[in-house]
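Trainee: Per the working numbering, the sequence shown starts with residue -18, numbered consecutively.
Note that the Cβ used here is the ideal one computed from N, Cα and C, for glycine as well.
Computed from a predicted model, the values in this text were never measured in an experiment.
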Amino acid sequence: MTVLRKIDGSGCGCDASGHAASLIEVGEALKRIVEHVRPVLQEETVPLAYAGGRVLSKSVVSRAAVPPFDTAAMDGFAVDTAALAGDGPWRLEVCARVAAGQTPDAPASGTTAVRIFTGARVPRGADAVVAQEEAGNEGRHVILRRRPTPGLNIRRTGEDMVADASILRAGTRLGSREIAATAAAGCGSVQVFRPVRVALLVTGTEIRQAGRACGDAEIWDVNTPMLRAALTGASVDLVDVRQASDDRTGLRTRLRTMMSKVDLIVTTGGISVGEEDNMKPAFRALDGQIIFSGVALKPGKPVTFGRLKETSWLGLPGNPAAAFITWQLFGTVLLRLLSGMSCGAALRRPVLLGHDIRRKPGRCELRPASIAAYDDLGRPVAQFLDATHPDRVAKLPLADGMLVIPADAEHLVKGTLVEFVPFCES
-18 MTVLRKIDGS
-8 GCGCDASGHA
2 ASLIEVGEAL
12 KRIVEHVRPV
22 LQEETVPLAY
32 AGGRVLSKSV
42 VSRAAVPPFD
52 TAAMDGFAVD
62 TAALAGDGPW
72 RLEVCARVAA
82 GQTPDAPASG
92 TTAVRIFTGA
102 RVPRGADAVV
112 AQEEAGNEGR
122 HVILRRRPTP
132 GLNIRRTGED
142 MVADASILRA
152 GTRLGSREIA
162 ATAAAGCGSV
172 QVFRPVRVAL
182 LVTGTEIRQA
192 GRACGDAEIW
202 DVNTPMLRAA
212 LTGASVDLVD
222 VRQASDDRTG
232 LRTRLRTMMS
242 KVDLIVTTGG
252 ISVGEEDNMK
262 PAFRALDGQI
272 IFSGVALKPG
282 KPVTFGRLKE
292 TSWLGLPGNP
302 AAAFITWQLF
312 GTVLLRLLSG
322 MSCGAALRRP
332 VLLGHDIRRK
342 PGRCELRPAS
352 IAAYDDLGRP
362 VAQFLDATHP
372 DRVAKLPLAD
382 GMLVIPADAE
392 HLVKGTLVEF
402 VPFCES
């Protein structure tokens, strides 16, 4: 097995010699995004039932101990172990019955036992619950053949949570596991950041809505439905979606209108250096600040990030696969930061190459891949195409994420350990 050096946030080999000096490495681009993006400040209180996908602006604190009292962990008989004299067996009178939600009306003491059910409050005097299958039942009496240990089958008060404990920190995104912990803590509502307001502007004089007839020089629009889907989530408010021709004046008008009502503008196309690439000139005409334009990346080299006063702008390439990959790399980070999530970057994990890679070095490459199998040691093995094409999306549904191939890598053999970024759905 060949181990490829770890790619950390400071760089992924994109600064290898031979590529344009104006391009920055991926790690530097991500660093600049982190430095220039702040979360939305507005907060709101929402019922827990509607909080899935939202990001906490204040920590969740438990309102009481959980469990709030000693409870039975299974159906059986609550007994006082200290009262069991001799070596047994012991014959105890069943003096009461208690189910979940009921208050025990009799203690377990001496030679008595209380019939108890899972989740019920343990009666006074009892310090163990003998499972019903471990006890013999003789009418109003129960027979114990083995001495139970104190604490047997009892969930103690505060075993899961103590009162006033911090359960979830601000910046946590509320998924089903977090909702479970919040409900257990007794919180019926939570304080969250408001959703990130986003506008989507897809450019291209040649694009037409999928399903409609196309002229000889026209193509179906992939970026609008693709990015609309990527921008669907509880922490996102997609307030405006537009298509526009490659016209500088029209683009400037669109950007000006959008910047007044959103936190983030996402555009596709018009960010390269050709005569028909008018997005950056339109952006600069509004006194926009370009933080970076051009990353040593394949695909997606023209990707651009900037600020229009208080609004962030992410300019994605027009080719749909390149737009998707750069959204996954940069857009998801932007959304996490704007929404107030404490973790900005996507987690990377190592995988083994399922076959050799031969490529032209020069730029860091993100290549869609799937986890096809696991080796004898349980390590994931990635399968992938022999090349990355910025315009091809037919194979994207088969991919689970992206291989991160450093700029200077030319030939990587099967079994090489490389980094893998799973695709993220908002």
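Excluding the five sequence neighbours on either side, which residues of its own chain have a C-beta within less than 6 Å of the C-beta of T26, listed in chain order?
Mentor: In chain order, S170 and Q172 place their CB closer than 6 Å to the CB of T26, counting only its own chain and leaving out the 5 sequence neighbours on each side.
Trainee: Would you say V79 and A101 are within 8 Å of each other, going by their C-beta atoms?
Mentor: yes
Trainee: Residues bridged to M55 by DSSP?
Mentor: Answer is none; M55 lacks a bridge partner.
Trainee: Quick check on the burial criterion: 16 or more other C-beta atoms within 10 angstroms. Buried or exposed for C324?
Mentor: Taking all protein chains shown into account, C324 has fewer than 16 neighbouring C-beta atoms within 10 Å of its C-beta and is therefore exposed.
Trainee: Rounding to the nearest angstrom, what Cα-Cα distance links P131 and A30 in this structure?
Mentor: 39 Å
Trainee: In the structure shown, what three-state DSSP assignment does H17 receive?
Mentor: helix
Trainee: Applying the criterion that 16 or more other CB atoms from any shown protein chain within 10 Å of the CB defines a buried residue, is T230 buried or exposed?
Mentor: exposed
Trainee: Going by DSSP, name the residue or residues bridged to K279.
Mentor: E346
Trainee: Any beta carbon of chain C sitting closer than 8 Å to that of V276?
Mentor: Protein chains in the displayed structure number just one, and chain C is not present.
Trainee: DSSP on A64, reduced to helix/strand/coil?
Mentor: If DSSP states are grouped into helix, strand and coil, A64 belongs with the helices.
Trainee: How is N118 classed by DSSP in three states: helix, strand or coil?
Mentor: Here N118 carries a strand assignment [DSSP, helix/strand/coil].
Trainee: Please return the same chain residues whose Cβ sits closer than 8 Å to the Cβ of R265, not counting the five positions on each side in sequence.
Mentor: I271
Trainee: Assuming contact is defined by CB atoms lying nearer than 8 Å, are A388 and G343 in contact in what I supplied?
Mentor: Going by beta carbons, A388 and G343 fall inside the 8 Å limit.
Trainee: With a threshold of 7 Å on Cβ separation, who are the neighbours of L334 within its own chain once the five nearest residues in sequence on each side are excluded?
Mentor: A363, L393, K395, G396, T397 and V399
Trainee: Excluding the 5 residues preceding and the 5 following H0 in the sequence, name in chain order all residues of the same chain whose CB lies nearer than 8 Å to its CB.
Mentor: Only weak support exists for where H0 lies, its pLDDT of 39 falling under 50; the coordinates are left without a value.
Trainee: I need the DSSP call for E400, collapsed to helix, strand or coil.
Mentor: strand
Trainee: Enumerated in chain order, which unbroken segments of the beta strand (DSSP E) with a length of 3 residues or greater are wholly contained in the region 275 to 338?
Mentor: Taking only runs of at least 3 residues, the beta strand (DSSP E) segments lying wholly in the region 275 to 338 are 285 to 289, 292 to 297 and 330 to 334.
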